[in-house]
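Report on one structure; see the data block that follows.
Protein chains in written order, with our numbering: chain A, 1 to 389; chain B, 1001 to 1389.
Listed below in structure tokens is the structure:
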């Protein structure tokens, strides 16, 4: 096991109507909050907007709004939120939505306590040392941002996606009402599942040894995601499966499963470039790229891929030809994604030619080689994009 | 899954020489601390005492000492610690040791912020609303107190053991240097393993349904404890196994594995009475009682005991006679404890007759029936003590 420091101070509340607690939770922190949301049909028509406003008002919290967050959220909207916070003396940020809303709120939080431009944190010119507290009402189990120490933004002027990682970015509270997830459309549900499953694989595919505690936990959470995904694909309104996946999203990415392990993250870096260049949905990028990445690197750590195949996907081990077992595990991973309707090739997500592969590969490696299990340079990255065609 | 609220704000640091960070961590909180420890041979001869004192001094922290903590720690010593805190304006408590030291420190923390007697919290006359922050240097993976929300004390005047549960009691930091655990004698190592394994079973044996995420996680952590315990029984100085068990102790009891589940805890209540009446070591009491409890209750939830047998102990399932599979799982649990040299009967821990069984049974149930999987009254409790003879 590697040395580690781990903290996850977020207070998680999972219950019916958990969203209605937002007023009282915000009030413990501040009388003035910025309410960040998508401003989309779901927010208004599901009654979420009204319930949150009512909860804030009845708790005596004054609120300002920042709406219109898009998938792959933009730094431009974050800057507007920061202006509001600075002008209106906001003391707490409430994010009601999925990962894009929460990542936006986190960026506003650190930006509001900083004199320079918030992109400085994402371009690694600055490191956050203070933040406004961020609480969340999560509506879309996927990115795990509701419990994580990260935020990912897109800078459209620069054509870049980048992240910030700091324990300061962990939400102070996260309210989970499973009912809010019952009407998530199938494609978003599937991308969420791919995303959380990938968050575990990024930690699982490690070259660290003597990590059987976290191995078993990773495998357990992946098996649970498989079981609940199968249930959900039969009935999208399965309340129990939705509830388990809501909590899985947190566990997959609050880094408990990564404590004491070197982690990989190459696939996320490769996927981020698809989002930056083509605005590809994060889960779709991962669905296409993860099996290709695995096929590209598995020979560097066959025992790990055999263990994955056997323990997660119940593949019978061929001890004479472990390579075959490893490949069968990767085949079942791809099959799992495809069986839910997630894409398997770049063509399926509208990327018809390789004109940007080189640029994406170089951008993915702009801070150095990527990948903890196998170190990849821009040539490797380009190969993986080609395999995904 | 049941509704839940879960938070685990403790900052955990696991690394070589983690104990030497105590000065800087305390200094972030206060300039004056109470240093709580056993004052035993290990504390002084291992160099732990010197390293902590040096770390505190070089960080400029003034410290007072409370030493002499015993297993099944007494409220009388806690009262002395409270006096020191009140008199000397202590702002932080540093506990260096195992569960008894940490539980003592937690009790001092809440007692120092309370005008009445600290036992009020344990007798449920009062509920803590404030505490001095407690940091820990943990030396004995077992009780999980280094990450938990509980503290257990013994009141020798009243002949009672009792606990307090509150998120206020979660340590603010926990420093884990695996090297400190390399010299733990075999019997203490074994009792620690039994304790952490039991903490998971108390959560695993639940009547809650639709909990496969936490089921898989519980099973994974139990399997990891089995693997590392076998390694350690072969070589008590196995650094990797010690390290994994150190982190397992935290995961087993910070209640992540219990989130969304009704929990049992009958065996801990029964065991606490053995400690109160006979000063039985906690792990020894659990080793004797857990298999007996399981045999007494398993018919009320055969599928759960079958799942335990199959997934944790690799018992082949007899689908025609699931009861046999359930019993085989319990047999292997007992075998696991006995194989490490832990006791299997009350006789082995020096309890030769049944004269106190009735009193212990009634005391265990003094706040009402015990047990979440099967509700037990004093008659049931007495039966289980008899089975353990």
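Think of the CB as a built atom: it goes at the ideal place given N, C-alpha and C, for glycine as much as any other residue.
Those residues which DSSP pairs with residue i across a bridge
i                       : result
residue 1004 of chain B : A:14
residue 64 of chain A   : A:34
residue 376 of chain A  : A:370
residue 94 of chain A   : A:35, A:135
residue 74 of chain A   : A:154
Proximal residues of chain B, C-beta to C-beta of residue i below 9 Å
i                      : result
residue 12 of chain A  : 1004, 1005, 1006, 1007, 1259
residue 314 of chain A : Ordered by position in chain B, no residue passes the 9 Å Cβ test against residue 314 of chain A, which lies about 13 Å from the chain.
Cross-chain neighbours of residue i in chain A, by beta carbon under 9 Å
i                       : result
residue 1016 of chain B : 3
Interface partners of residue i on chain A, CB under 7 Å
i                       : result
residue 1223 of chain B : 216
Beta carbon proximity, residue i to chain D, threshold 8 Å
i                       : result
residue 1258 of chain B : Here chain D cannot be found, since the structure's protein chains are A and B.
| message | So within the stretch 1101-1175 of chain B, which uninterrupted beta strand (DSSP E) runs reach at least 3 residues, ignoring any that extend past its ends? | response | 1134-1138, 1150-1155, 1160-1165
| Members of the stretch 1143-1166 of chain B that neighbour chain A once the beta carbon cut-off is set at 7 Å | Result list empty, no residue passes.
| Of the residues that make up the stretch 1207-1220 of chain B, which ones have a beta carbon closer than 7 Å to any beta carbon in chain A? | 1210, 1212, 1213, 1216, 1217, 1219, 1220
| Contact the stretch 1257-1265 of chain B vs the stretch 1202-1217 of chain B: 3+ CB pairs below 8 Å | Between the stretch 1257-1265 of chain B and the stretch 1202-1217 of chain B there are three or more inter-stretch CB-CB distances shorter than 8 Å, so the stretches are counted as touching.
| said: Give me the subset of the stretch 1225-1255 of chain B whose CB atoms are less than 9 Å from a CB atom of chain A, sorted by chain position. | reply: 1225, 1227, 1228, 1239, 1240, 1241, 1243, 1244, 1245, 1247, 1248, 1251
| message | Please give me, in chain order, every unbroken run of the alpha helix (DSSP H) with length at least 4 that falls completely inside the stretch 1228-1303 of chain B. | response | Positions of the alpha helix (DSSP H) runs, each at least 4 residues long and wholly inside the stretch 1228-1303 of chain B, are given as 1239-1253, 1266-1278, 1282-1297 in order along the chain.
| task | Please list the segments of the alpha helix (DSSP H) lying wholly inside the stretch 309-376 of chain A, counting only runs of 4 or more residues, in order along the chain. | result | 322-339, 357-364
| message | With three or more C-beta pairs closer than 8 Å as the rule, is the stretch 1317-1326 of chain B touching the stretch 1223-1231 of chain B? | response | Flag = no, the stretch 1223-1231 of chain B and the stretch 1317-1326 of chain B do not touch.
| query | Using 8 Å as the threshold, is the stretch 106-125 of chain A in touch with the stretch 178-186 of chain A, meaning 3 or more CB pairs across them? | reply | no
| said: For the structure I just gave you, are there three or more beta carbon pairs, one from the stretch 54-70 of chain A and one from the stretch 30-42 of chain A, closer than 8 Å? | reply: yes
| query | Are there three or more Cβ pairs, one per stretch, closer than 8 Å when the stretch 342-351 of chain A is compared with the stretch 363-370 of chain A? | reply | no
| Contact between the stretch 5-24 of chain A and the stretch 1002-1016 of chain B (3+ Cβ pairs under 8 Å) | Result yes; three or more Cβ-Cβ pairs closer than 8 Å.
| said: Using 8 Å as the cut-off, can you tell me whether the stretch 1148-1159 of chain B makes contact with the stretch 373-382 of chain A, which would need three or more C-beta pairs spanning the two stretches below that distance? | reply: no
| query | Should the stretch 69-84 of chain A be called in touch with the stretch 49-58 of chain A, which here means at least 3 C-beta pairs below 8 Å? | reply | no
| query | Would you say the stretch 82-97 of chain A touches the stretch 280-298 of chain A, given that touching needs at least three Cβ pairs under 8 Å? | reply | no
| field | the stretch 1349-1359 of chain B contacting the stretch 1324-1336 of chain B, beta-carbon criterion three pairs below 8 Å | value | No: the two stretches stay apart, fewer than three of their Cβ pairs being nearer than 8 Å.
| message | Tell me whether the stretch 196-203 of chain A and the stretch 263-271 of chain A touch, counting them as touching only if at least three CB pairs, one residue from each stretch, are closer than 8 Å. | response | yes
| request: Flag this pair as touching only if the stretch 1129-1137 of chain B and the stretch 1182-1202 of chain B have three or more C-beta atom pairs under 8 Å; answer yes or no. | output: no
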